[in-house]
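Heads up: the sequence lines are chains S and P, in that order.
Number 398 in my numbering belongs to position 395 of the first sequence; there are no gaps in the numbering.
Number 312 in my numbering belongs to position 274 of the second sequence; there are no gaps in the numbering.
Note that the Cβ used here is the ideal one computed from N, Cα and C, for glycine as well.
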Amino acid sequence: MSSRPLAILDARLLDPASGRDERGGLLVVDGRIADLGPGLGAEGLPPGCEVLRAEGLCLAPGLVDLRVMVGEPGAEHKERMDSAVAAAAAGGITAFAMRPDTEPALDDPAMLEFVARRARKLRSVKVYPWAALTRGCQGERLAEMGLLHEAGAVGFTDGPRALADARLMYRALAYATAFDALVAQHPEEPRLAEGGVMNEGWTALRLGLPGIPACAEVVMVERDLRLAEATGGRIHFAGISTAEAVAVIRRAKERGVRVSSDVTAHHLLLTEREVEGYRTYAKVTPPLRREEDREALVAGLADGTIDAVTSDHTPQDQDSKRLPFEQAAFGVVGLETLLAAGLELVHAGRLSLLRLLAAASTAPARLLGLEGGRLERGAPADLVLFDPEACWTVTEEGLHSLARNTPFEGRRFRGRVVRTLVDGRTVFRLEEECGGAV
Amino acid sequence: MVGGTRRRGNAARRKLAAGRARSYGRDAMAAAAQRPFPHRHLLGIEPLSREDILFLLELADGYVELNRRPEKKLHTLRGLTQINLFFESSTRTRTSFELAGKRLGADVVNMSVSTSAIKKGETLIDTAMTLNAMHPDVLVVRHADSGAVALLARHVACAVINGGDGRHEHPTQALLDALTIRRRKGRIEGLTVAICGDIVHSRVARSNILLLSRLGARVRVVGPPTLVPAAMARYGVEVHHEMARGLAGADIVMMLRLQTERMRGSFVPSTREYFRLYGLTREKLEVAAPDVLVMHPGPMNRGVEIDGVVADDIHRSAILDQVEMGVAVRMACLDALTRRLREAT
């Protein structure tokens, strides 16, 4: 914990949990928010207090990313814990949940302990593990959900491998109700998606690439909604990509199914047209879809049908991407562009700033059962200070991640992280000319 | 070469020659011979304009005559190195490119890269850079993945000709088909062309649709819905799932091979059923134009997509003409793509 108290003064306080959006100050004592509000100024601060003048910059709860691939263990050449944490901090992310489909998979309490120890040593962004839903993420036998839950798993998933076996999913959802655990599914019927590398449709047809039909997603979403309804389990759809799935989830929420979902930042901004020229940096799962789908995803996020936005950070080395499209690996990095990508929708008037922050912090924290994601007295001082107007251009060299597979290379974003704090400690600080660094 | 002596051939040959004489005068060909080609590579039909296509066809017309002479060798590409890099097995296309290069005087090297060698670790880009270091002037590349030839082309300094990439494009096949049609029918504009069979997995279909539409033909695609998706209509073609309607009044029927190697799972229940519903037979052909021309890019599966009797019908089948035109078209492509290089030296 930081020894000196810290006051951030004259900031635009944004708390999506309470709807607060006002000019004021925030006081951090012992890593927690001790006080905040418009009345908090330079007078009456504790002795020895460090003062940071925000000059009107936005101060919000640090982002919580639902799904991040860390290369440890097994793929350290793609990303290590330290590089992932540095990238997250640079993106204003103060906590993330790490995918369990590592090598070996996070399907054993000892593995969770390994993750916790690695993250603790870095004393930076908080890392929480998803646990494997099935052993080895192989989709055949349930992992020890009870023991993994006790060991700190924030939820259960097999990562980008959809659990195809309906009976196993039925059992998993039923079993998970014993400890009210979240079960996340990659919403894609594997047999329908088999061999596909991009959205099925006109672009795939022209490029001669095998497609993944939109129905592969909605079929799985509808199936699992029925299973969740039948068992009372909590189902989370990780990475929705189609307008149909948004509509189906909206109806399910209306009838009270315990369902949640997220969308990636790249699905909110990009479409299948990115694949033109066989750009493997646009090869993701689920695939980028049509403009109509992108529109529906933005609308679904705005109206709360989709709970959260995630980076779905999936680092790949150059050798996995500099290949013919069909052979290239899936995935893009996104920790460092998550906030900026979301702000693009805010600037375009498609999303309110508070709704974006709710989807990027409050909602994911609630889904994972974490205490962050809000600005209130007693909450951990996990904070992001950002300049919503500062412009910057994404370059591969500028990334903190070991991997370079961003789909936003060369894109100019408006909105930039200036400082990130975890438990009141600064874990990232923008050093550059741009954006009025504090 | 243009006015070279022509050997007497069979009836089909005479028709081909007549077609040429009817529509293309020497002036057009002389003009073609002068024009530079505005592309560095030939990666597909998509980037080619109507003028580019006509230019290549004019040029190829001249090479048809050359290829019928006993003395076939030119020195146009003397000193240049052509590498035929085939990641996918092929006999006719590779041989055709090899003959084309040799007749133009190039040094031709064939490289067949088996998929197992790729699995040993060398990536496509490594292979490209390795070959590039040997200073070839033209690379002819065939690869099982769509887009792979374009990817390779970004890493080499020489001209690249796409000899077929996955399901994407096979531009020289479309050019040779167009040349065959033009010489047999005297034109392409206004003709009704039915492309039948496994469209979705076919690079030949894609290149032909693009090229024939660009030259003003009415194109239809015919086959079962699993192999001819409705989205094909966005190419501006008619989509038919029934042979009788697809072939009605067609001037050209182009049959495609059922590409079982590119299929995952069952697209058609059996070859027996496929032949019954979509195989080309004399009976099915009756609804087509009386002077219908039957084409097939080869290799044929007799009794699967085409009845042997139709394939061998000398009056209707243009299948061997296609092979002949293939060498001429590839010579034209090699000639066109090396022009700037030859002028520079």
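- Taking a contact to require three or more Cβ pairs closer than 8 Å, the stretch 355-374 of chain P and the stretch 317-326 of chain P do not qualify as touching.
- Identification of chain S residues near T161 of chain P by a Cβ-Cβ cut-off of 8 Å yields D322, R325, L326, ordered along the chain.
- Straight through space, the alpha carbons of L171 of chain S and R428 of chain S are spaced by roughly 43 Å.
- Between the stretch 368-378 of chain P and the stretch 218-229 of chain P, the count of C-beta pairs closer than 8 Å stays below three; the two stretches do not touch.
- Of all residues in the stretch 253-281 of chain P, the ones placed with a Cβ closer than 9 Å to any Cβ belonging to chain S are P267, A269, M270, R272, Y273, in chain order.
- Excluding residues up to 5 positions away in sequence, V200, M201, F328, E329 lie with their Cβ nearer than 7 Å to the Cβ of L212 of chain S in the same chain.
- The Cβ atoms of L388 of chain S and R422 of chain S lie closer than 8 Å to each other.
- For the stretch 180-194 of chain P, residues whose beta-carbon sits nearer than 8 Å to a beta-carbon of chain S comprise H181, D183, S184, G185, A186, A188, L189.
- Among the residues facing chain S, H77 of chain P is not included, as its CB has no counterpart in that chain under 8 Å away.
- For the stretch 219-249 of chain P, residues whose beta-carbon sits nearer than 7 Å to a beta-carbon of chain S comprise R241, R244.
- For L210 of chain S, the residues of chain P that pass the 8 Å Cβ criterion are S184, G185, H206, in the order they occur in the chain.
- For Q141 of chain S, there is no enclosing beta strand (DSSP E), as DSSP marks it with neither H nor E.
- The beta-carbon distance between A144 of chain P and Q120 of chain P, rounded to whole angstroms, is 5 Å. This is short enough to meet the 8 Å contact definition.
- Think of a sphere of 9 Å around the beta carbon of E329 of chain S: the chain P residues whose beta carbon falls inside it are A182, D183, S184, G185, A186, G204, in chain order.
- Taken through DSSP and simplified to helix, strand or coil, F431 of chain S comes out as strand.
- Short of 6 Å from the beta carbon of V32 of chain S, and not among the five residues preceding or following it, lie these beta carbons of its own chain, in chain order: P8.
- For the 8 Å CB-CB criterion, D68 of chain S and R377 of chain S do not form a contact.
- Taking C-beta separations shorter than 7 Å and ignoring five residues to either side along the sequence, the partners of V287 of chain S in its chain run H269, F333, G334, V335, following chain order.
- Residue ranges of uninterrupted alpha helix (DSSP H) with 4 or more members, entirely inside the stretch 250-301 of chain P and ordered along the chain, are 281-285.
- Excluding five sequence positions before and after M167 of chain P, the CB atoms of its chain that fall closer than 7 Å to its own CB belong to H193, given in chain order.
- Look at G204 of chain S: its C-beta is under 8 Å from a C-beta on chain P.
- Between the stretch 77-90 of chain S and the stretch 49-67 of chain S there are fewer than three C-beta pairs closer than 8 Å, too few to call the two in contact.
- Going by DSSP, N148 of chain P is part of the beta strand (DSSP E) stretching over 145-150.
- Remark: three or more beta-carbon pairs, one from each stretch, lie closer than 8 Å, so the stretch 395-408 of chain S and the stretch 75-83 of chain S are flagged as touching.
- Contact between the stretch 162-178 of chain S and the stretch 234-245 of chain S is established, with three or more Cβ pairs separated by less than 8 Å.
- The C-beta separation of S251 of chain P from G274 of chain P comes to about 6 Å, placing the pair in contact by the 8 Å criterion.
- For Y281 of chain S, at least one C-beta of chain P is nearer than 8 Å to its own C-beta.
- Bounds of the alpha helix (DSSP H) holding T168 of chain P are 162-170.
- Secondary structure note for A98 of chain P: its alpha helix (DSSP H) is the uninterrupted segment 88-105.
- In this structure, DSSP gives F305 of chain P a state outside helix and strand, which the three-state scheme calls coil.
- Its Cα nearest to that of S323 of chain S, the residue P:L162 stands out among P:L162, P:T114, P:N122.
- When rounded, the separation of the alpha-carbon atoms in L112 of chain P and A138 of chain P is 10 Å.
- With respect to R354 of chain P, V332 of chain P sits close: the two C-beta atoms are nearer than 8 Å.
- Residue environment analysis places T234 of chain S among the buried positions, since at least 16 neighbouring C-beta atoms fall within 10 angstroms of its C-beta.
- Only residues of its own chain outside the window of five on either side were considered, and among them V342 have a CB closer than 6 Å to the CB of T309 of chain P, listed in chain order.
- Residue pairing by DSSP puts Y131 of chain S in a beta bridge opposite S:A100.
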